[in-house]
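Enquirer:
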Amino acid sequence: MLFDTHCHLDDESFAGEVRDVVAQARSAGVTQMLTQGTSISSSLDCIALAEEFPEVYAAVAIHPNCLMEEIPRFGDGAVFLEIFSQMAENPRVRAVGETGVDLYWHDTPIEIQKQYLALHFELARRTKLPVVIHCRDAEEPLLETARADFEKNGPVPGVIHSFSGDLTFLRACLDLGFHISYSGSVTFKNKCFDSVRETVCEVPLDRLLVETDSPYLTPMPFRGKIRRNTPEYVQHTARFLAEMRGMSEEEFFAQTTHNALKFLGIPESSPNVQDAQNVI
Ligand SMILES: [Zn+2]
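Numbering (the numbering used here) for the sequence shown: 16 to 295.
(1) Regarding D25 and ligand 1, is the C-beta to nearest heavy atom distance less than 7 Å?
(2) Can you look up F18 in the DSSP assignment and give me helix, strand or coil?
(3) In angstroms, rounded to a whole number, what distance separates the CA positions of D35 and R260?
(4) Report the partner residues of S198 according to the DSSP bridge assignment.
(5) Taking 8 Å as the threshold (C-beta atoms), are R238 and F203 in contact?
(6) Straight-line CA distance for L24 to F268?
(7) Hey, would you say the C-beta of I194 is under 7 Å away from at least one heavy atom of ligand 1?
(8) Is H21 near ligand 1, judged by its Cβ being under 7 Å from some heavy atom?
(9) Less than 8 Å between CB atoms is the rule here; does T46 satisfy it with respect to chain C?
(10) Compare the beta carbon distance of E213 and D181 with 8 Å and say whether it is the shorter of the two.
(11) Assuming V215 and V225 make a contact with CB atoms under 8 Å, what is their CB distance in whole Å?
(12) Pull the bridge partners of H149 from the DSSP assignment, please.
(13) Between which two residues does the beta strand (DSSP E) carrying A46 extend?
(14) Mark T233 as exposed unless 16 or more other C-beta atoms lie within 10 angstroms of its C-beta, in which case mark it buried.
(15) Where does the unbroken beta strand (DSSP E) through I175 begin, and where does it stop?
(16) Excluding sequence positions up to five away, which residues of its chain have a Cβ less than 8 Å from the Cβ of I295?
(17) Helix, strand or coil for D35 per DSSP?
(18) R222 and I195: beta carbons closer than 8 Å?
(19) Could you tell me which residues DSSP pairs with L224 in its beta bridges?
(20) Do you know whose CA, among N168, A253 and K167, lies nearest G199's CA?
(21) By DSSP, does V71 sit in helix, in strand, or in coil?
(22) Under 7 Å: does the beta carbon of D209 sit that close to some heavy atom of ligand 1?
(23) In this structure, does DSSP put V108 in helix, strand or coil?
(24) Secondary structure at S28, three-state DSSP: helix, strand or coil?
(25) For G115, count neighbouring C-beta atoms within 10 Å of its own C-beta (all shown protein chains included) and say buried if the count is 16 or more, exposed if not.
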């Protein structure tokens, strides 16, 4: 049994196929997944999917690269907090995500990204949900914003998704209390991922999560060979990580699933978790 803690089931590449994608994941042992909102409408779509499929939970937020399109729709931070707090009242919503900072694409000025990352932290505190953080080529502004929030308000439960930093960045994230989630990118052969692989054995076992970020970041050896990544492929990243950490597959799958349930506040005794265990 595995939990894919980061996917985008509302992506257009899954249109009309989510039922099959969820069923295939389930038969591969991936019995739970958290689909991430990137805008108001995407967050609402994620909630609808989570209501339709017992295997799916929703995260709601505005992705840093979508902020410029979304901000005119609500004007200021207070309205943002209002809209998303309301969405978070739905019990299928288990996280605030995905938010973060991105200096790879130049879609949103960095000051606005930092302002909204701080607002997402505030949303997480108000709703008592953990926050899912995207960080691409933007470690400094992320740490600056997270540290300022930490000093003012104390720790907020969070995860750095698709972790792609080095040991120094890892330690800074762990000091802030964050979980670390690896996607298929950790399996990529590119030399630049060597420093990411160096971090794998340094993450405390109880703070480790796995994800696909599907439809993106297909793990090796399927990268470039399949049309798109889907939640069932999280098993390949999980096996890769288990081997790196010298753990058995069963042990690693059970530990990371337990971590995900705990992180997202889903009781191990909840009916769909029990049901999923009976299937396996
Ligand atoms: Zn994502």
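For glycine and all other residues, C-beta sits at the position ideal for the given N, C-alpha and C. Since the structure is predicted, the reported quantities are computational estimates derived from the model, not experimental observations.
Expert: So, to answer that:
(1) Incorrect: D25 has no Cβ contact closer than 7 Å to ligand 1.
(2) strand
(3) 32 Å
(4) The partner list for S198 (beta bridge, DSSP) is empty, contrary to what the question assumes.
(5) yes
(6) Distance between the alpha carbons of L24 and F268: 22 Å.
(7) The amino acid at residue 194 is misidentified as Ile; the sequence shows His. Not so, every heavy atom of ligand 1 lies at least 7 Å from the Cβ.
(8) yes
(9) In the structure shown, chain C does not exist; there is a single protein chain.
(10) yes
(11) Contact flag wrong, Cβ pair sits at about 11 Å.
(12) G115
(13) Reading off the sequence, residue 46 comes out as Thr, not Ala. T46 -> beta strand (DSSP E) spans V45 to Q51.
(14) buried
(15) G173 to I175
(16) Annotation note: pLDDT 45 at I295 (below 50); position unreliable, coordinate value reported separately. Closer than 8 Å at Cβ, skipping near neighbours: M16, G44 and T46.
(17) Reduced to three states, the DSSP call for D35 is helix.
(18) In this structure, R222 places its C-beta atom within 8 Å of the C-beta atom of I195.
(19) S196
(20) Ranking N168, A253 and K167 by CA distance to the CA of G199 puts A253 first.
(21) strand
(22) It does not: the Cβ of D209 is nowhere closer than 7 Å to a heavy atom of ligand 1.
(23) V108 sits in a strand when the DSSP states are folded into three classes.
(24) helix
(25) buried
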